[in-house]
Amino acid sequence: MMGPGLRTKRRLTPEQRTMLDECPSERDLAEALAMLPNGKSPGIDDYTKETMMILWPVIGHLYSGAMAEFWVDGKIPHSFKKGLLVLLPKMEDPEILGQWHPITMLNITYKVIANIK
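For the sequence shown, the positions run 1 to 117 when UniProt numbering is used.
In structure tokens form, the structure reads like this:
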């Protein structure tokens with residue numbers, strides 16, 4: 001049985017559903033990329049936001065075309081969803097797992113997709 005906090009009467013309108021199904025444009029992707037924070041570590045693809053911003057005028061249309069294929073197929077390549085788990089010490093000379101802070105370094109394409117508004 002669902003609690004009262006889990007019940008909702010809100011539903012997406014047909015227009016909202018259509019909007020969610022639309023493939024993001026090159027501009028949408030560029031805006032999502034630009035909104036990512038600066039100075040973050042790259043994922044396993046070795047690309048940072050800053051690198052992608054520099055390359056965007058050259059690769060933006062190619063990136064957008066590839067993204068359109070993924071969007072239509074409904075399948076994002078597995079490699080785009082991979083992350084690299086890194087343990088950072090919370091203190092000097094950590095000895096137990098609780099003294100480490102795990103972070104996952106995600107692929108730039110995953111970050112862009114997750115940031116589309």
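All residues carry an ideal CB built from backbone N, CA and C; glycine is no exception.
Provide the residue span of the beta strand (DSSP E) that contains residue i, from first to last.
| i | result |
| --- | --- |
| Ile103 | 100-106 |
| Leu85 | 83-89 |
If you measure between the beta carbons of residue i and residue j, is that distance less than 8 angstroms?
| i | j | result |
| --- | --- | --- |
| Met52 | Pro24 | no |
| Ile44 | Asn115 | no |
| Ser64 | Leu29 | yes |
Out of curiosity, what's the CA-to-CA distance linking residue i and residue j?
| i | j | result |
| --- | --- | --- |
| residue 132 | Leu88 | No information on residue 132 is available, as it lies outside the stretch 1 to 117 that the chain covers here. |
| Glu26 | His101 | 36 angstroms |
| Leu62 | Ile113 | 15 angstroms |
| Glu22 | Thr104 | 29 angstroms |
| Gly39 | Gln99 | 25 angstroms |
| Ile96 | Lys90 | 11 angstroms |
| Leu85 | Asp46 | 14 angstroms |
Between which two residues does the alpha helix (DSSP H) harbouring residue i extend?
| i | result |
| --- | --- |
| Gly74 | Per DSSP, Gly74 belongs to no alpha helix (DSSP H) and is neither H nor E. |
| Leu33 | 26-35 |
| Pro14 | 14-21 |
Assuming residue i and residue j are in contact, meaning their beta carbons sit under 8 angstroms apart, how far apart are those beta carbons, in whole angstroms?
| i | j | result |
| --- | --- | --- |
| Lys111 | Leu36 | 6 angstroms |
| Lys49 | Leu33 | 6 angstroms |
At least one CB of chain B closer than 8 angstroms to the CB of residue i: is that the case?
| i | result |
| --- | --- |
| Ile76 | Chain labels in this structure do not include chain B; a single protein chain is all it has. |
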